[in-house]
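First residue of the sequence shown: 590, per this note's numbering; consecutive thereafter. One structure below.
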Amino acid sequence: MVEIRTSPGPKETPMPITETQTRLDIDERNATAVNGWPALLGVLLLWGGAVVLFSQAASSDIATSTATLLIAGGIAAALAGAALASGLTVVAPGETRVVVFFGNYLGTIRRTGLSLTVPFTGRSKVPVRILNFETATIKVNERNGSPVQVSAIVVWQVKDTAKAHFAVDDYHDFIESQSESALRQVVARHPYDHQTERMAAVAAELAEADTAPASVPAAPSDPTGQGDVTTLREDGELVADELAAEVNARVHLAGLDVLEVRLSNLSYAPEIAAAMLQRQQAQAVLDARRVVI
């Protein structure tokens, strides 16, 4: 018996997922919606007419064929009224309705009040009011490796209702998780304050000052050590602006817009808070000696 072997073909390499494959390409557009009050009046007239037709068909002094026609007319009027009523929707100020017809996005209703849109459509409420939340207090190592506790208040609103409804599973959870991730990243870029930048130098100068007070070095050209370094404590507004831009870049694909970000809590982690306080006191003593000299 001759055994025939076939060589395996080239192994397929999975294609990388591109940005267009991971993001839903959909934009908000206006849905067809008109004043709903005339339609509501039409619904009432149709249902009222159906009641009249049914009552006439129930009379005993009419022919069977006539009664059949009256019943058919009443059913048609009732169904027409129900179809028209299914297109009525109420939109309150600060809210919208995302209209979907058998899985197809038809548009968004931003018109407030009673409106008439396409019948038999699904309409999901998406608020466009200004909202805010506070992130959980998280522990992050700042640029110099010191653990700090930080939280932020994020003010935001839905800008594109279609993206907010279809692009992510839950846009509230999405912006909260992305805000926390951005907060970690931004805090890790900056030192807590200018003193943490000079921590090693302060320790060396204090040791030299204790052994030889007369040889304390002269004050440098920048005694505060501030320079152009952006710190978390002294430059809170700059850090907040950077954080807002970082969060905006992350949640833009979900149709969300971050209006403002503020740091609500910033402190050293409890395990190093006492040590940091001692270093700050030592820095104050050294600065006082420099002023005296």
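Glycine included, C-beta positions come from ideal geometry on N, C-alpha and C.
Annotated three-state conformation of T653 is helix, per DSSP. Taking 8 Å as the cut-off, the Cβ atoms of I727 and V739 count as close. Closest option to G702, judged by alpha-carbon separation, among E860, L659, V679 and L633: V679. Shown here, T820 sits in coil according to DSSP, grouped into three states, outside any helix or strand. Exclusion of the five residues before and after Q645 leaves L659 as the residues of its chain whose Cβ lies within less than 6 Å of its Cβ. Rounded to the nearest whole angstrom, the CA to CA distance from H779 to V687 is 42 Å. In this structure, G676 lies near A628, with their beta-carbon atoms less than 8 Å apart. Under the DSSP assignment, N837 falls in the alpha helix (DSSP H) whose first and last residues are G825 to V840.
Separation of V747 and T653 (C-alpha to C-alpha, rounded to the nearest whole angstrom) is 60 Å. By alpha-carbon distance to E849, the top candidate from I719, S856, T655 and H783 is I719. Counting only the Cα atoms, A671 lies some 46 Å from V836. The three-state reading of DSSP puts G696 in strand, counting E and B together. Per DSSP, reduced to three states, the secondary structure at D846 is strand. DSSP, read as helix, strand or coil, puts E765 in helix. Between the region 823-835 and the region 766-781 there are three or more C-beta pairs closer than 8 Å, enough to call the two in contact. In terms of Cβ geometry, L821 and Y857 do not form a close pair [threshold 8 Å]. Closest by C-alpha distance to G631, out of A674, V828 and H754, is A674.
For S735, there is no enclosing beta strand (DSSP E), as DSSP marks it with neither H nor E.
In terms of Cα proximity to R839, the closest of E769, T710 and D817 is E769.
In this structure A681 does not touch Y760 by the C-beta definition: roughly 19 Å separates them, more than the 8 Å allowed.
Residue state for K748 is assigned as coil, using DSSP reduced to three classes. The distance from the Cβ of E617 to that of D817 is about 42 Å, inconsistent with a contact at the 8 Å cut-off. Spatial neighbours of A756 in its own chain (CB-CB distance under 8 Å, excluding positions within 5 residues in sequence) are listed in chain order as R612, L613, I615, L842, A843 and G844. In the DSSP assignment, G711 falls within the unbroken beta strand (DSSP E) covering G711 to P716. With respect to the 8 Å criterion, V707 and H754 are not classified as neighbours on the basis of their beta carbons. Each residue's CA atom was taken as its position, placing L695 and A669 some 22 Å apart. Beta bridge pairing from DSSP links E723 with I742.
Nearest in C-alpha terms to D762, of all of R700, A751 and N721, is N721. Beta-bridge pairing by DSSP links V640 to no other residue.
Residue T724 holds the alpha-carbon nearest to the alpha-carbon of N854 among T724, K752, D846 and R732.
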